[in-house]
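One structure below.
There are 2 protein chains.
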Amino acid sequence: MRLRPRDDVDVQDRLARSAAETAGVWMSTPEVAGWLARRAGAHRFRVERIPFGLLDGWSFGPGGNLAHRSGRFFSVEGLHIVAGEDPVPEWRQPIIVQPEIGVLGILAKEFNGVLHFLMQAKMEPGNPRLVQLSPTVQATRSNYTRVHGGAPVRYLGYFTGQERGQERGQERGRVLVDVLQSEHGSWFFRKSNRNMIVETRDNVEVGDDFCWLTLGQIGRLLRRDNVVNMDARTVLACAPAAPPEAGAALSDTELVSWFTAERSRHEVRTRLVPLDEVSGWTTGEWSIDHERDRYFRVIAVSAEAGSREVHRWTQPLFEPLGAGVAAFLVRRFGGVPHLLVRARVEGGFLGTVELGPTVQCTPESYVHLPVSRRPRFLATVLGADPGRIRYEAVHAEEGGRFYRAQSRYLLVDADERTAAADPPPGFMWVTPGQLNSLARHSHYVNVQARTLLAVLNSRAAEL
Amino acid sequence: MRLRPRDDVDVQDRLARSAAETAGVWMSTPEVAGWLARRAGAHRFRVERIPFGLLDGWSFGPGGNLAHRSGRFFSVEGLHIVAGEDPVPEWRQPIIVQPEIGVLGILAKEFNGVLHFLMQAKMEPGNPRLVQLSPTVQATRSNYTRVHGGAPVRYLGYFTGQERGQERGQERGRVLVDVLQSEHGSWFFRKSNRNMIVETRDNVEVGDDFCWLTLGQIGRLLRRDNVVNMDARTVLACAPAAPPEAGAALSDTELVSWFTAERSRHEVRTRLVPLDEVSGWTTGEWSIDHERDRYFRVIAVSAEAGSREVHRWTQPLFEPLGAGVAAFLVRRFGGVPHLLVRARVEGGFLGTVELGPTVQCTPESYVHLPVSRRPRFLATVLGADPGRIRYEAVHAEEGGRFYRAQSRYLLVDADERTAAADPPPGFMWVTPGQLNSLARHSHYVNVQARTLLAVLNSRAAEL
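Order-wise, the sequence lines are chains A and B. According to our numbering, the first sequence holds residues 58 to 520 in order. According to our numbering, the second sequence holds residues 58 to 520 in order.
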């Protein structure tokens, strides 16, 4: 057997080169928006709200849970969370239960010595702009085992073929990234997806809805609202694109120790309960609503998309009430940029706690609370002088499950007055390189923090 | 703020030096057995089986679950596991539910330039030899928040004090290791403990039941049966004592990718159920038994230990029927030793799959099955020529929860005929250094594999 080096240091350099390249071989960056619009025009796309009664194959079962007759895809159930902490020590809520692990895969290939990524113009029913740049493959297990009876998923073999390929030495490509990551812990119960980048040397036939872009091009597009979808962002966040750093506020061991302490001190107990037992929420004909119209509602849509494996379908979606804010405060210590992460408890996390942005919330959910109980640093972010804003764009969360769930993502310069070097409990200063290293493993970095990490990896913003 | 290097490379060297040192400053290695015997004689220790009816504070509640009236410590409930795979696609069993995270902490200090570790002679009711070498601190949250009303836990501040200490820069010591690790996934539902090593420069007052030993001394003691307890073994496994390696069969990225694929392809669903609903098991006056007397039984004991925070108590324990075997097959590729790990599904794992030894089972549980359904490589391990056995010792599992749960741990040399370079699905060749790197994060390496990793870290065996 021929041994391989344990570290693939070349990958880091090649990703950095791709991030520096803002002109690709396939199309120029300014052309991408027009191409996306043309792809949106090439098919019939339509999304319409419907009452639950018109859902096809979905129904409310015993206990009030909303599920598909196949037992696959996902279901809407109840979650009882006992966190024992302020501001809300215990609550019940509807939650999406999707135990199967999907694949979010981006195919990579060198052109003229620069890595390009095969991005897809994909429609998702919940997207505010329906067609966005997505990974090459974005498929739940139900999708790719074809429970829905649709067409096969293109390029899937590069990703799922790895399982046998690696063991047999018959690889179709080289794996650059392959890690399970969580998604929104407030809306999903222990969901995780496989985030993959696979590099190929094949002559890849490029479908009409696909195009090759450099990491730098994707970075430029990340500066625009609602162009790059969540799935693409989370995959790119996991790329080992760590910048060189002279040091950090904490050593890596100390950082993992702080994280371990945060996980240990939160004793959160969660339990799935029938949706009927979620007090404070009511199931109506058109939606499941909170009694005070807060947080989100569950709705149903009928969707049509000529480009997808299945052309017409109906499904439930979660519709958040109010737009989110997700922001890192940024400071330089000893010349090295640091992000202020927060150890966040979210009811759906497998491991209780993950690292999120400094601020992550829907401000409207807090207006009924006194200022002292609003999220820490929210006022600093919302009131930041424009000169301090290093990055700002609106992005949508997973359009396959959420209806127009938009968040304003920011990177905001702070100083000792607004964010002290000695952070409050639950917060810590970490470097982008440290966050990047942690994102090579599961369940450290939450999906909102990963969007901002993708912004840094692709040089959409420089710190 | 003064930046620190992200890597603490000095720790690796200092651990290697301690592993090479088989004579400590405190007592010689041959003296340790005598000291343990003296400590066992210095207190009154007694363990007696009792009927459940004599348990104090413990009782069977609605649904038949066995729990403590405080709601703390742990409970015995039912688990329903749907794994969908051979040899057993679905089953129910009793399981220990212990959601709180405990601390397993070893205090370290340099004497004459060599790291020594403060080990405790600790009695646990389930240990076959009652008093064993244990971590400095071994405490559940119920212990150290003193739900049981006992004496305070000695040296605890070095470990739990870190939480605030790190944030405030008022450390009592330097953290060398601090990571959550799972325990037996067949007997515990999602249990994890904090595995810590903290180095101090304090003048530490050494209690009668404590002594300083080098890593090499502990290694020598690991060659003996039932001297070093499980908690000490799992903590030492997490020490960054990676040997230098020229390469590996898979790069680290490929290894994590293989692990991710293994996690993805097993769709295991687990659900806690009332113990009454665990068919095939019966609760009697003295024990909870499997209908065919297989696997394990749940019993109750009354224990007395003059040295512990609480001197007398009663509690349930799991008693396995038959001794376990846990073994790595070992091969050298390109001069670098490799261990054959197995991606194991255990019902109680948080993340479905963790890496275990090549063979891990209770052989007696399989005697009723045809040879083709017995664990792969079991015959190779049990039939190995003595000249191929690099390491062999019997160790007990957690004596605070298991009654005389003993396993024979082995490292066995293999060749192409007994274990091919191209391993069967679910198995992979990894280097000790790779396993060591993975053990710096949660939920990769299971507790049995960690015992064998501790054997390597402490040079109880050389490959």
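Built from N, CA and C at the ideal position, the CB exists for glycine as well.
Each of B:L426, B:E366 and B:R280 was checked against the Cα of B:L509, and the nearest Cα belongs to B:R280. The beta carbon of A:R258 is closer than 6 angstroms to none in its chain, skipping five residues each way along the sequence. With its beta carbon at least 9 angstroms from every one in chain B, A:L386 lies outside the interface. Under the Cβ distance rule, A:R59 counts among the residues neighbouring chain B, one pair being separated by less than 9 angstroms. In the DSSP assignment, B:T310 falls within the unbroken alpha helix (DSSP H) covering D309 to R322. A:P331 is not a Cβ neighbour of A:G483, given a cutoff of 9 angstroms.
Among the residues facing chain B, A:V393 is included, as its CB has a counterpart in that chain under 9 angstroms away.
Rounded to whole angstroms, the separation of the alpha carbons of B:E302 and A:R103 is 57 angstroms. Ranking A:R458, A:L467 and A:V424 by CA distance to the CA of A:D442 puts A:L467 first.
Interface residue (Cβ-Cβ distance to chain B less than 9 angstroms): A:Q491 is classified as such. Under DSSP, A:V236 shares a beta bridge with A:N252. Bridge partners of B:I152 according to DSSP: B:E134.
Look at the beta carbons and you see the stretch 145-165 of chain A touching the stretch 287-295 of chain A: at least three pairs across the two are nearer than 8 angstroms. DSSP, reduced to helix, strand and coil, places B:R369 within a strand of the structure shown. Excluding the 5 residues flanking it on each side, B:R149 has same chain C-beta neighbours closer than 8 angstroms at G135, L136, H137, I138, V330, E334, V335, S336, G337 and W338, in chain order.
Here B:Y201 has V210 and L213 as same chain residues with Cβ atoms under 6 angstroms from its own Cβ, once five neighbours each way along the sequence are excluded. For A:A99, the closest C-alpha among the options A:A471, A:V393 and A:M180 is that of A:M180.
By the Cβ-count criterion, B:S132 is buried, with 16 or more other Cβ atoms from all chains shown falling within 10 Å of its own Cβ. Using a CB distance below 7 angstroms, the part of the stretch 142-162 of chain B facing chain A consists of P156, E157 and I158, ordered along the chain.
Taking a Cβ-Cβ threshold of 7 angstroms, the residues of chain B close to A:T317 are D235, V236, L237 and R251, in chain order. For the stretch 103-136 of chain B, no residue has a beta-carbon sitting nearer than 9 angstroms to a beta-carbon of chain A.
Judged by DSSP in its simplified three-state form, B:E167 adopts strand.
If the five residues before and after B:P432 are omitted, its C-beta is found closer than 7 angstroms to the C-beta atoms of V416, C418 and Y423, all from its own chain and listed in chain order. Considering only A:T193, A:G413 and A:I356, the residue with the shortest C-alpha distance to A:V263 is A:T193. Think of a sphere of 9 angstroms around the beta carbon of A:F390: the chain B residues whose beta carbon falls inside it are M58, R59 and L60, in chain order. Contact annotation: in the stretch 304-316 of chain A, residues whose CB is within less than 8 angstroms of a CB in chain B are G304, A305, A306, L307, S308, D309, T310, E311, V313, S314 and W315.
Annotated as proximal: A:L270 and A:T86, with beta-carbon spacing under 9 angstroms. In this structure, DSSP gives A:W343 a state outside helix and strand, which the three-state scheme calls coil. Within a 10 Å sphere around the beta-carbon of A:A478 sit fewer than 16 other beta-carbons, which makes this residue exposed.
In the three-state reduction of the DSSP assignment, A:M84 falls in the coil class.
Bounds of the beta strand (DSSP E) holding A:I107 are F102 to I107. At a cut-off of 3 residues, the continuous stretches assigned as beta strand (DSSP E) that sit fully inside the stretch 171-217 of chain A are 171-180, 188-191 and 194-196.
Taking 9 angstroms as the cut-off, the Cβ atoms of B:A384 and B:V438 count as close. In the displayed model, B:I446 falls within a strand according to three-state DSSP. Against chain B, a Cβ distance below 7 angstroms from A:D65 picks out S308 and T310. For the 9 angstroms CB-CB criterion, A:Q69 and A:P297 form a contact.
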